[in-house]
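Every number in the working numbering is 46 more than the matching position in the sequence shown, counting from 1.
All residues carry an ideal CB built from backbone N, CA and C; glycine is no exception.
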Amino acid sequence: NLKNKPLLTGTMNATNNASLTCVQVDDVAAANANVVWFKDVGASYSLDCGTNSIISPKVFLQGPLLSPDIAGLMNDDLRVNDLIPTTSPYSDALKCENTVFNTTGNDAIVDWVWVELRDQANNTNIIEGQSALLQRDGDVVATDGSSSLIFNADSGNYYVVIKHRNHLGIMSTNTIVLSGVSLILNYTDANTPITYGTNAQTPFGMPTNTLAMWAGDVNNDGIIQYTGASPDTPNILSNVLNDAGNFLNLPTHIVNGYNTNDVDMNGASQYTGASPDSPFILQNALAHPGNFLNLSTYSIIEQLPEN
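See the structure below:
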């Protein structure tokens, strides 16, 4: 809390502090005009910082858990191959230091995710969202690679949503009471499921009693489908055939890099061949509990409430 009446001038360095999102002042305009402040993107002046909402979600992505290097941990192949960008792929474009990706073991970073708080009275209304980093053990952390997520939204009851660029998003079944004290919210325990909707997550291919977000929504339409009206597999094929290095136009060509067509997130995308990504989508369609007729055209629909 900075008292800037009477007028405060000077320089303040508040960088490399992911936990600092709000600095309470007496006069926002004067603070912006008269204080030279080096700050992180997520920090700002306010007349009333209130009590922030702090949360520590835990979630698994099915893709990297289908091909783990260590049982029970998602693979971190994107990190190992230096493919995770330091700028989030989501709308807020948050940044992290490249050194965050030096951490190994359980806390190694798997990828970026998106976390939302939604209105308790209307679960389609997004109160606030932010990019975050996902560790191999499922912990969702701030851009410093270790801290809880701090939202500017005042303490209260919120639905909590987790999204990923090629997995189906999920939301908590009930509102969660958030405050200035970090709350652990575990979406991975099949014995105590807390996910909104029907079969919103999957145990298929996962460790015992473990749930994970469905993998394979590579065209980002909220539906996973192998063949049919809105299939995902053509995106994988198109990505492979249009790669600049695929001189012979082969469906077995491997596209290396950070892209949504890499379902198991091993850093390589392939349509057919030794390590293809398209079969993951077929296997999920056939494994879904609602696919009674075992159809390859079955659609797995994201269970997020939307307007």
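Using only alpha-carbon positions, find the residue among the options that is nearest to residue i.
{"i": "Thr-279", "options": "Leu-163, Asn-292, Pro-297 and Ala-290", "result": "Pro-297"}
{"i": "Asn-148", "options": "Gln-349, Asp-123 and Asp-165", "result": "Asp-123"}
{"i": "Ser-321", "options": "Ala-333, His-334, Phe-338 and Val-301", "result": "Val-301"}
{"i": "Pro-110", "options": "Trp-158, Val-206 and Leu-140", "result": "Trp-158"}
{"i": "Cys-68", "options": "Asn-152, Leu-332, Asn-98 and Tyr-242", "result": "Asn-98"}
{"i": "Met-311", "options": "Asn-127, Ala-333, Thr-189 and Val-71", "result": "Asn-127"}
{"i": "Gln-70", "options": "Ala-77, Met-58, Asn-63 and Tyr-91", "result": "Tyr-91"}
{"i": "Leu-119", "options": "Asn-232, Ser-324, Val-156 and Ala-188", "result": "Val-156"}
{"i": "Asn-63", "options": "Asp-190, Met-252, Leu-214 and Tyr-317", "result": "Asp-190"}
{"i": "Asp-153", "options": "Ala-188, Ile-208, Ile-100 and Asn-59", "result": "Ala-188"}
{"i": "Leu-107", "options": "Gly-215, Ser-276 and Ser-228", "result": "Gly-215"}
{"i": "Gln-247", "options": "Asp-308, Pro-335 and Val-146", "result": "Pro-335"}
{"i": "Asn-295", "options": "Ile-100, Ser-284, Arg-211 and Leu-179", "result": "Ser-284"}
{"i": "Val-129", "options": "Asn-144, Leu-195 and Tyr-136", "result": "At residue 129 the sequence reads Leu, which differs from the Val that was named. Cα-wise, what sits closest to Leu-129 is Asn-144."}
{"i": "Arg-125", "options": "Glu-174, Ala-314 and Pro-351", "result": "Ala-314"}
{"i": "Leu-341", "options": "Asp-72, Asp-73, Gly-274 and Leu-257", "result": "Gly-274"}
{"i": "Ser-193", "options": "Ser-228, Trp-160, Met-58 and Met-217", "result": "Ser-228"}
{"i": "Met-252", "options": "Asn-121, Ala-75 and Asp-86", "result": "Asn-121"}
{"i": "Thr-133", "options": "Arg-164, Ala-76, Ala-178 and Gly-151", "result": "Ala-178"}
{"i": "Leu-287", "options": "Tyr-272, Tyr-317, Asp-308 and Gly-303", "result": "Tyr-317"}
{"i": "Asp-183", "options": "Arg-211, Ala-236 and Lys-104", "result": "Lys-104"}
{"i": "Arg-211", "options": "Ala-258, Asp-86, Asn-198 and Pro-135", "result": "Pro-135"}
{"i": "Ile-100", "options": "Tyr-304, Thr-256, Phe-197 and Thr-170", "result": "Phe-197"}
{"i": "Trp-160", "options": "Asp-138, Gln-166, Asn-169 and Thr-170", "result": "Asp-138"}
{"i": "Thr-306", "options": "Ala-258, Thr-219 and His-213", "result": "His-213"}
{"i": "Ile-347", "options": "Phe-84, Ser-276 and Thr-150", "result": "Ser-276"}
{"i": "Ile-208", "options": "Met-259, Thr-244, Glu-352 and Ala-236", "result": "Met-259"}
{"i": "Ser-102", "options": "Met-217, Tyr-344, Val-186 and Gly-303", "result": "Val-186"}
{"i": "Val-309", "options": "Asn-171, Ala-75 and Gln-329", "result": "Gln-329"}
{"i": "Ala-261", "options": "Thr-238, His-299, Thr-219 and Ser-345", "result": "Ser-345"}
{"i": "Asn-80", "options": "Thr-57, Asp-72, Asp-86 and Leu-66", "result": "Thr-57"}
Which residues share a DSSP beta bridge with residue i?
{"i": "Asn-203", "result": "Val-223"}
{"i": "Gly-291", "result": "Its beta-bridge partners do not exist; DSSP assigns none."}
{"i": "Thr-336", "result": "Before going on, a small fix: residue 336 reads as Gly here, not Thr. BP columns for Gly-336 are empty, so no partner."}
{"i": "Phe-84", "result": "Asn-59"}
{"i": "Ser-315", "result": "Val-301"}
{"i": "Leu-296", "result": "DSSP lists no partner for Leu-296."}
{"i": "Leu-229", "result": "Ile-101"}
{"i": "Met-259", "result": "Leu-107 and Gln-247"}
{"i": "Thr-241", "result": "Ser-218"}
{"i": "Val-309", "result": "Val-309 pairs with nothing; no bridge assigned."}
{"i": "Thr-145", "result": "Answer is none; Thr-145 lacks a bridge partner."}
Starting from residue i, follow the alpha helix (DSSP H) in both directions and report where the run begins and ends.
{"i": "Ala-363", "result": "Absent from the structure is residue 363, since the part of the chain shown begins at 47 and ends at 353."}
{"i": "Leu-112", "result": "108 to 112"}
{"i": "Arg-125", "result": "123 to 126"}
So residue i and residue j are in contact, right, with Cβ under 8 Å, and what is the actual spacing, rounded?
{"i": "Gln-176", "j": "Leu-140", "result": "7 Å"}
{"i": "Ala-331", "j": "Ile-270", "result": "7 Å"}
{"i": "Gln-349", "j": "Tyr-242", "result": "6 Å"}
{"i": "Ile-173", "j": "Ala-199", "result": "5 Å"}
{"i": "Phe-250", "j": "Ala-333", "result": "4 Å"}
{"i": "Ala-236", "j": "Leu-257", "result": "5 Å"}
Between which two residues does the beta strand (DSSP E) holding residue i run?
{"i": "Ala-236", "result": "Segment: none, Ala-236 is in no beta strand (DSSP E) and carries neither H nor E."}
{"i": "Lys-104", "result": "98 to 104"}
{"i": "Gln-70", "result": "68 to 70"}
{"i": "Glu-162", "result": "155 to 165"}
{"i": "Met-217", "result": "213 to 217"}
{"i": "Gly-175", "result": "172 to 181"}
{"i": "Ser-194", "result": "Counting along the chain, Ser-194 falls outside any beta strand (DSSP E), and DSSP gives it neither H nor E."}
{"i": "Tyr-91", "result": "90 to 92"}
Kindly say whether residue i, judged by its beta-carbon, lies nearer than 9 Å to any beta-carbon of chain C.
{"i": "Val-126", "result": "Annotation note: the requested chain C is absent from the structure, which comprises a single protein chain."}
Does the region 263 to 279 come close enough to the region 111 to 120 to have 3 or more Cβ pairs within less than 8 Å? no
If we count Cβ pairs, one from each stretch, closer than 8 Å, do we get three or more for the region 202 to 211 versus the region 222 to 230? yes
contact_flag[the region 315 to 333, the region 230 to 238] where n(CB pairs < 8 Å) is 3 or more: no
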